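> Going down the list, the sequences are from chains A and B. Anchor point for the first sequence: position 265 equals 265 in the UniProt record's numbering, and the numbering is continuous, going up by one each time. Anchor point for the second sequence: position 358 equals 358 in the UniProt record's numbering, and the numbering is continuous, going up by one each time. Pasting a structure below so you can have a look.
Protein chains: 2
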Amino acid sequence: MATFSYTIPLPIRCSTTGHKQDPNKQNLNKIKITGTPTRSVKVDTLSQTAGVAKTSVALVENGHISNEQTRQNIPTKKQFVDYHRQGLIVEGGVGYRQTVVIRSYEVGAGKSATLESILNLFQETALNHVWMSGLLSNGFGATHGMMKEQSHMGCLKNASPGGSIPNLVDERVLQGGDIVEIETWFGASGKNGMRRDSLIRSQATGHVFASATSTWVMMNEKTRRLSKMPEEVRAEISPWFIEKQAIHEDVPEKISKLDSNAKYVNSNLKPKRSDSDMNQHVNNVKHVRWMLETIPDQFLESHQLSGIILEYRRECGSSNIVQSLCEPDEDGILNSGLKQNNDMSPLNRFSLASEIMEGNGPLGSLDKVPLRYTLLLQTQRYTQNEEIVRGKTIWKKKQSNNELSNMTFSI
Amino acid sequence: MATFSYTIPLPIRCSTTGHKQDPNKQNLNKIKITGTPTRSVKVDTLSQTAGVAKTSVALVENGHISNEQTRQNIPTKKQFVDYHRQGLIVEGGVGYRQTVVIRSYEVGAGKSATLESILNLFQETALNHVWMSGLLSNGFGATHGMMKEQSHMGCLKNASPGGSIPNLVDERVLQGGDIVEIETWFGASGKNGMRRDSLIRSQATGHVFASATSTWVMMNEKTRRLSKMPEEVRAEISPWFIEKQAIHEDVPEKISKLDSNAKYVNSNLKPKRSDSDMNQHVNNVKHVRWMLETIPDQFLESHQLSGIILEYRRECGSSNIVQSLCEPDEDGILNSGLKQNNDMSPLNRFSLASEIMEGNGPLGSLDKVPLRYTLLLQTQRYTQNEEIVRGKTIWKKKQSNNELSNMTFSI
């Protein structure tokens, strides 16, 4: 989990869960936290499981504090409650849930939470989950086992800006001030990988606004290539795996590679200082922003995103000049309908459902604008362009506010 | 507080408080919150002061919820505690304090919280303060008195993306995972205006990372011009005024108007969809980003921001093409030293202090690069450019990490 770097194709797949209520939702009411939530009591409670917060508070009382004694310390033992972040270990001790209030600035022109905000929240809670696990041995997400082989090992998908990619975003209904629970957990993915799943749902209704899955593998920090997961690392992390999946996708979707013939191209994109994360890479959210900005404004005004799939190929450094390409899928609607009949892929379900609600069968929608766009972000060079990330976005037509709230709040 | 719109000059002034501990800091330990912080207990407690949360939870238990019954409801009565946001009414019932953990994505390439993050947090807490006051009659910050004259009245400085501007930002020491308290309150400002002051400090040490002040006046929503504050509105808000000031600035700093001869100019800046707030204005954070991006990278790499002053002139709509101009103040260092001796203005104190620490007297620094930049953001038109915002930034040379942490953590 050290750096967000890829040298061979790695699919990060995300699709929709539809509108059903999450059956695995646990009720926060069942988790009792006793004591008065003041600073002193927090310390007493936390000190039963770890000594992190205790150290810092004791030192404050003496009027001094050093860098080593702040909240930056990584716990060496598992934590169960993070009062400050309103986080809890759930799912029998291996999942993580955090309560968050959507902030005013996380809401965009559409008066609803932006995709970027949701991406950021998924990333933040994923990091907090790992932080509480007690597995970390440095600030960037490497476990003790990974650090042992420090010069060779690192996880492919990073925790710092990067992180999980959401899929279904009900942009219109997740608003500033909404209280949500974000839940995140690990799962197995083949012999050398693991999954990170996340979902964001209304605390009041349990309605799932967005869910995401991502695949992580290990990489050699020196060669920046994928590497096998050593037994020691697997033994460390596998007790945290659970079978629950945020998104079920039986048949992985292929994302074709675009070239200079793509219909829409934005060139000469230059990362700004503020686009870099703490590892001097262009952050994941900026990738997504560049990709979405290539889709015509006219389309964006009348449609809303219901799914996004990203396949990372290579790191994007802050000195790269970037080109963003985009092509509408002419067979987007037809595919959507046929796949739905064949495999009931949740990735397609939502697009189809919205078509039906508008009174069009899957084949009756063929004369409409495409509901899928293929995307590519690549470095722009005189010699040879190199792929950074391939993407696919799935869209549905915007509903009026009233229609949408009826639809999403009836469970 | 309706829209972030200006037709005549309005100064929003921000400067540094230096490194002293805030004498007004209250200890969170003194505020006892009893009961188990589960959803049901929250409702019981809150229902003593307001009926907002209660309504929504009751409805959830029936399995239904409508848009009208979620957390979006604006309280009609004053609230004292917001458990979800970890917010409290303080300062004898008129100030607001919220505990926040700095998130991973709020940290930039310098591994410290970005100016944008701090701007966003000040804006969010200002909004939450107003929300808890029970003064609001709509979601955009207008009080009941303002709404009475709805077609004519609105506050000049808005609460939604916009908000307060910070001044001193100790970027290098406010890191991801740091637990901070943000405090915000109102003050009087002339006959027709009011101040919004804010500060962000370490919960553990009380060290103030940044503080801000901003001036708000009322505007006519139709003509978009400033208007007098009616007695009814003053009577509503003046009980919330307190005399404490986050920043003391006796002599307002003049910001000269730049023209096309400015040393650095970025032209053809086009707001993207994601740059707009819910009022379809380009948000305040984007203004600041455009302004700072005009300052040469080489300077930004070796310096860090210690103060920023913004004077808003006019709204920036999402269809505007924008030009950002920037000019180093050749007399920046000299001014800094002399003003320090004359008026002890906190705006200058920090720049000067860093000079002295590096072993240079104020006059010994004259051969160095300027430590102030004047900025201008204007609409770019064929006919006449129009000012959007004037700015002044104050900088100090970056210290090494070690030096900085010694300096900032010793109180």
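All residues carry an ideal CB built from backbone N, CA and C; glycine is no exception. Small disclaimer: the values here were computed from a predicted structure and weren't measured.
Give me whichever residues DSSP pairs with residue 330 (chain B) in a beta bridge.
DSSP lists no partner for residue 330 (chain B).
> Going by beta carbon distance, what residues of the same chain come within less than 8 Å of residue 238 (chain A), once the five residues before and after it are set aside?
188
> The beta strand (DSSP E) that contains residue 98 (chain B), what's its start and end?
95-101
> With a cut-off of 8 Å, do at least 3 Cβ pairs link the segment 80-90 of chain A to the segment 241-248 of chain B?
no
> Taking the alpha-carbon positions, what's the residue 76 (chain A) to residue 379 (chain B) distance?
54 Å
> Going along the segment 105-134 of chain A in order, which residues come within less than 7 Å of chain B, judged by CB to CB distance?
When CB distances to chain B are screened at a threshold of 7 Å, the residues of the segment 105-134 of chain A falling below it are 105, 107, 108, 109, 111, 114, 116, 120, 123, 124 and 127, in chain order.
> Applying a beta-carbon distance threshold of less than 8 Å, which residues of chain B neighbour residue 300 (chain A)?
273
> Alpha carbon to alpha carbon, how far is residue 178 (chain A) from residue 128 (chain B)? Give it in angstroms, no decimals.
13 Å
> Spell out the partners DSSP gives residue 378 (chain A) in its beta bridges.
Partner(s): A:323 and A:387.
> Give a yes or no on whether the C-beta atoms belonging to residue 185 (chain A) and residue 96 (chain A) are separated by under 8 Å.
yes
> Excluding the five sequence neighbours on either side, which residues of its own chain have a C-beta within less than 8 Å of the C-beta of residue 414 (chain B), listed in chain order?
Lying before the first or after the last residue shown, residue 414 (chain B) is absent from chain B, which here runs from 1 to 411.
> Which of helix, strand or coil does DSSP assign to residue 192 (chain B)?
In the three-state reduction of the DSSP assignment, residue 192 (chain B) falls in the coil class, being assigned neither a helical nor a strand state.
> Between the segment 315-322 of chain B and the segment 268-279 of chain B, are three or more C-beta pairs nearer than 8 Å?
yes
> Determine the extent of the alpha helix (DSSP H) in which residue 129 (chain B) is found, giving its start and end residues.
115-133
> Can you tell me the Cα-Cα spacing of residue 196 (chain A) and residue 91 (chain B), whole angstroms?
44 Å
> Taking CB distances under 8 Å as the criterion, tell me whether residue 277 (chain B) reaches chain A.
yes
> Cβ atoms of residue 106 (chain A) and residue 117 (chain A): under 8 Å apart, would you say?
yes
> Using a Cβ-Cβ cut-off of less than 9 Å, give me the residues of the segment 285-299 of chain A that come near chain B, in sequence order.
285, 289, 292, 293 and 297
> Out of A:181, A:276, A:392 and A:120, which one is the CA nearest neighbour of residue 207 (chain A)?
A:181
> Kindly say whether residue 208 (chain A), judged by its beta-carbon, lies nearer than 8 Å to any beta-carbon of chain B.
no
> When you check each C-beta in the segment 189-222 of chain A against every C-beta of chain B, which residues fall closer than 7 Å?
204 and 205
> Helix, strand or coil for residue 182 (chain A)? Go by DSSP, reduced to three states.
Residue state for residue 182 (chain A) is assigned as strand, using DSSP reduced to three classes.
> Quick check: what's the CA-CA separation for residue 120 (chain A) versus residue 126 (chain A)?
10 Å
> Just confirm the distance between the C-beta atoms of residue 258 (chain A) and residue 371 (chain A), as a whole number of angstroms; I'd bet it's less than 8 Å.
So it is not a contact: roughly 18 Å between Cβ atoms.
> Out of B:291, B:174 and B:199, point me to the one whose CA is closest to residue 104 (chain B)'s CA.
B:174
> Which value, in whole angstroms, describes the spacing of the CA atoms of residue 330 (chain B) and residue 313 (chain B)?
25 Å
> Which one of B:133, B:136, B:235 and B:255 has the shortest CA to CA distance from residue 191 (chain B)?
B:235
> Count the other CB atoms within 10 Å of the CB of residue 396 (chain A); is the residue buried (16 or more) or exposed (fewer)?
Counting Cβ neighbours within 10 Å, residue 396 (chain A) comes out buried, since at least 16 surround it.
> Verify the contact flag: residue 393 (chain B), CB atom, against every heavy atom of the ligand SAH, threshold strictly below 7 Å.
This structure simply doesn't include the ligand SAH, nor any ligand for that matter.
> Whose C-alpha, out of A:303, A:390 and A:108, is nearest the C-alpha of residue 253 (chain A)?
For residue 253 (chain A), the nearest C-alpha among the options comes from A:390.
> Which term fits residue 222 (chain B), buried or exposed, when burial requires 16 or more other beta carbons within 10 angstroms of its beta carbon?
exposed
> Using CA coordinates, which residue listed in B:256, B:394 and B:274 is at the minimum distance from residue 306 (chain B)?
B:394
> Residues in its own chain within less than 6 Å of residue 387 (chain A) by CB, not counting five upstream and five downstream?
313 and 378
> Do we get a CB-CB distance below 8 Å when we pair residue 308 (chain A) with the residues of chain B?
no
> Does any C-beta atom of chain A lie closer than 8 Å to the C-beta of residue 280 (chain B)?
For residue 280 (chain B), the answer is yes, since a Cβ of chain A falls inside 8 Å of its Cβ.
> Taking Cβ-Cβ distances shorter than 7 Å, what residues in chain A pair up with residue 101 (chain B)?
84 and 85
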